[in-house]
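Structure record follows, encoded as structure tokens.
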Amino acid sequence: MKIAILGTGHGGKAAAADMTLAGHTVNLFESPEFKENLAPIREKGGIQLSGVGRTGFAQLNAVTSNIVEALDGVELVVAVVPAFGHKPLARLCGPHLKEGQTIVLNPGSTLGSLEFLATLREMGVKTRISIGDLHTLTYATRGEGADVRIMLEVRKLWLAAFPATETAGVLGKFRQLYPIVEAGKNILDVGLNNGNPMAHPGPALLNAGRVEYSGGEFYHYKEGITPHVANIVQAIDEERMALCRALGYPAMPTTERMFLMGYAVTKSSYYEAYTTSPVFCGENPIKGPHSVMDRYYVEDTTYGCVTWSSLGKQIGVRTPTIDAVIHLISVLHGKDYFAQGERTLDRFGLGGLSVEQLNAYFETGRMEVRP
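Using the working numbering, the first residue of the sequence shown is number 1112, and each one after it goes up by one.
Next comes the structure, spelled out in structure tokens:
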């Protein structure tokens, strides 16, 4: 299959190399604003992939900051960018998308497809595409320049399209790349299984002094998630699962999900699931956050926790721990993240909808007439 990978972070480079070695034709794109990220790959002539799974040198079909070239003739577009990159990426892609192309946000970071489509509508783009959200990145990976190491190929992924009536089509196409992906109920269900809003802001907040004092010499999972900090993670997870139950979705504990994905070797407790993880705390433990303005604080609060909080208020589920984390990170940064959250239901015009109306909307993409 001819595919475009949009984004040259760790995940984007890993996907481009892995899919090339799997026999697919891959165009790797980075926005002109960050085109310097392409230089090492061009100089080397491709990407050197190591770690688990496929390894070797991947010579890509195209390495470009020209979106027209990147999208030309591709069947599947995989956007591997942070949540705040979805809107600008939609603006770049919009005028050049072709009928029938499929886009997968890897990951969707809680309702990413809604924001992507809303941006296309604002631009007046009428091209018929299909789009879906993954619940998490396809790999645990790190790298530098044109060298990438995969620590984990995630063993179970959940994907849903918007609307959910199109999930089967998007899933069928994406399974040609990743056969282990399964269908979520809808993109809200998938977004509630995004692990970052639970694992990042709370523990990062409680370790803010250590992050600042160390100047970035900090390991979030290895030293930041202690037994008592894990209690906060568990409380947030319980509130998240309460949201799932109220909406009629499966309420899987994060420890179970981590185990199924391959991140955890035990699901006996939140503390042990994180701190015995060979990915998070193994031979090469994940380092960071490097400052209190890192994405662990900002992105996962404004694009995750605030969405969950707004959902809870709308459907009558209390989220006191999530709300406390949002409030204190707002104070830490001198912001009002409740007001500035990018993906609240109100921002998408979904404020006031009942559980039944929300589920109908995410299933069909059509707004029921309100009484």
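For each residue, glycine too, the CB sits at the ideal point set by N, CA and C.
All figures in this text were calculated on a predicted structure; none of them were measured in a lab.
Item	Value
Residue nearest to Ala1201 in terms of C-alpha spacing, selected from Ala1229, Gly1184 and Ser1220	Ala1229
Under 8 Å between C-beta atoms of Phe1285 and Val1215	yes
Helix, strand or coil at Ile1152 [DSSP, three-state]	helix
Beta-carbon spacing of Ala1181, Thr1175 below 8 Å	yes
Ser1379 to Asn1304 span [Cα, whole Å]	19 Å
Nearest residue (CA-CA) to Pro1274, options Ile1240, Val1192 and Glu1383	Ile1240
Which of helix, strand or coil DSSP assigns to Phe1329	coil
Assigned secondary structure, Gly1118 (DSSP; H/G/I helix, E/B strand, else coil)	coil
Host alpha helix (DSSP H) of Asn1138 (start-end)	Where Asn1138 is concerned, there is no enclosing alpha helix (DSSP H), although the beta strand (DSSP E) it sits in stretches over Thr1136 to Phe1140.
Alpha-carbon spacing of Val1137 relative to Lys1113, whole angstroms	6 Å
The beta strand (DSSP E) enclosing Gln1159, as first and last residue numbers	Ile1158 to Gly1162
Delimiting residues of the beta strand (DSSP E) encompassing Ala1315	No beta strand (DSSP E) contains Ala1315, which is instead part of the alpha helix (DSSP H) from Pro1312 to Leu1317.
Closest by C-alpha distance to Val1409, when choosing among Thr1249, Gly1205, Asn1307 and Gly1122	Asn1307
N- and C-terminal bounds of the beta strand (DSSP E) containing Ser1465	Note, Ser1465: premise wrong, no beta strand (DSSP E); not H, not E.
For Gly1359 and Arg1351, the rounded distance between their alpha carbons	13 Å
The stretch 1382-1395 contacting the stretch 1454-1467, beta-carbon criterion three pairs below 8 Å	no
Cutoff 7 Å; reference Ala1128; Cβ partners in own chain excluding five residues on either side	Ile1158, Leu1160, Ala1169 and Val1259
6 Å CB neighbourhood of His1121 in its chain, flanking five on each side removed	Thr1252, Arg1253 and Gly1254
Residue interval of the alpha helix (DSSP H) (run including Gly1302)	Ile1298 to Gly1302
Beta-carbon proximity of Thr1377 to Thr1365, cut-off 8 Å	no
Rounded C-alpha distance that separates Ser1402 from Asn1148	22 Å
Buried versus exposed call for Ile1291 [16 or more other C-beta atoms within 10 Å across all chains shown]	exposed
Own chain, CB closer than 6 Å to Ala1125, minus 5 neighbours either side, in chain order	Tyr1250, Thr1252, Val1259 and Ile1261
Delimiting residues of the beta strand (DSSP E) encompassing Tyr1289	First-last for Tyr1289: undefined, no H or E at that position.
Thr1252 - containing alpha helix (DSSP H), residue span	From DSSP, Thr1252 is part of no alpha helix (DSSP H) but of the beta strand (DSSP E) over Tyr1250 to Glu1255.
Beta-carbon gap between Ala1346 and Cys1355 smaller than 8 Å	no
DSSP beta-bridge partners of Ala1128	Looking at the DSSP assignment, Ala1128 forms no beta bridge with any residue, so it has no partner.
Among Leu1203, Pro1193 and Gly1184, the one whose alpha carbon lies nearest that of Gln1212	Gly1184
The stretch 1335-1349 in contact with the stretch 1307-1323 per 3-pair CB rule at 8 Å	yes
Local conformation of Thr1166 per DSSP, three classes	coil
Residues that Asp1258 bridges to, as DSSP identifies them	Gln1159 and Glu1255
Anticipated Cβ contact below 8 Å, Val1322 with Pro1396, distance rounded	Actually they are not in contact, since the Cβ atoms of Val1322 and Pro1396 sit about 15 Å apart, beyond 8 Å.
Which listed residue (Val1281, His1207 and Met1130) has its alpha carbon closest to that of Asn1172	Met1130
Rounded C-alpha distance that separates Ser1142 from Asp1411	22 Å
Simplified DSSP assignment, three categories, for Arg1458	helix
Status (buried if at least 16 other CB within 10 Å, exposed otherwise) for Tyr1324	exposed
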